[in-house]
Amino acid sequence: MFLYLTLVPTRNTSYTHLWDAFVRILQARKRLAYEDGDPSTDEQLAPQAPISQLMKVFPNVPFTKDTPLDISSDPKKPRTLIIRDLGAIQNEWVTREFVLSYFDGQGNSPALKQSVFGIVLQTH
109 MFLYLTLVPT RNTSYTHLWD AFVRILQARK RLAYEDGDPS TDEQLAPQAP ISQLMKVFPN
169 VPFTKDTPLD ISSDPKKPRT LIIRDLGAIQ NEWVTREFVL SYFDGQGNSP ALKQSVFGIV
229 LQTH
């Protein structure tokens, strides 16, 4: 799976705000996975440390309006979620669920989802 997302805030915010949103999203997806199946205790706990690593990746500084944040995954390293200039998270579940959170159902950002689907439909 290859992913390249550029997130651009429409208002001034902070990296801490982004980190908090990403963690909440991943915890909600973890809860849904638990409700949909019956993962073992190990499977439930496995993503917790990588989710916590997100806190270390994002600095506690402002994230100004119109500043791009590039997030990608490397097809050669499918377990890696790369946050350009900030760091990376090494976990297949976190990478997969982070990507899916933008496109599953309404997605985290309906505008981003609509934009991506529009481009895909134009090219096919």
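In the numbering used here, the protein residues as written are 109 to 232.
Where a beta carbon is used, it is the ideal one built from N, C-alpha and C, also for glycine.
- In the same chain as isoleucine 190, and ignoring 5 residues on each side of it, the C-beta atoms closer than 6 Å to its own belong to Ser180 and Ala196, in chain order.
- Here the C-alpha atom of glutamine 161 lies approximately 23 Å from the C-alpha atom of threonine 172.
- Looking at the backbone, the Cα of serine 209 and that of proline 170 are separated by about 24 Å.
- The Cβ-Cβ distance between methionine 163 and tryptophan 201 does not fall below 8 Å.
- Following the DSSP letters along the chain, one finds threonine 114 in no alpha helix (DSSP H) but inside the beta strand (DSSP E) bounded by residues 111-115.
- In the DSSP assignment, serine 160 falls within the unbroken alpha helix (DSSP H) covering 156-165.
- With a contact defined as Cβ atoms closer than 8 Å, glutamine 198 and proline 158 qualify at about 7 Å.
- Rounded to whole angstroms, phenylalanine 110 and phenylalanine 206 show a C-alpha spacing of 13 Å.
- For the pair threonine 118 and aspartate 174, the Cα-to-Cα distance works out to about 6 Å.
- Looking only at Leu194, Leu177, Asp193 and Arg204, the smallest Cα-Cα distance to lysine 185 is reached by Arg204.
- Cβ neighbours of serine 122 within its own chain (closer than 8 Å, five residues either side excluded): Asn168, Val169, Pro170 and Phe171.
- Taken through DSSP and simplified to helix, strand or coil, glutamine 222 comes out as helix.
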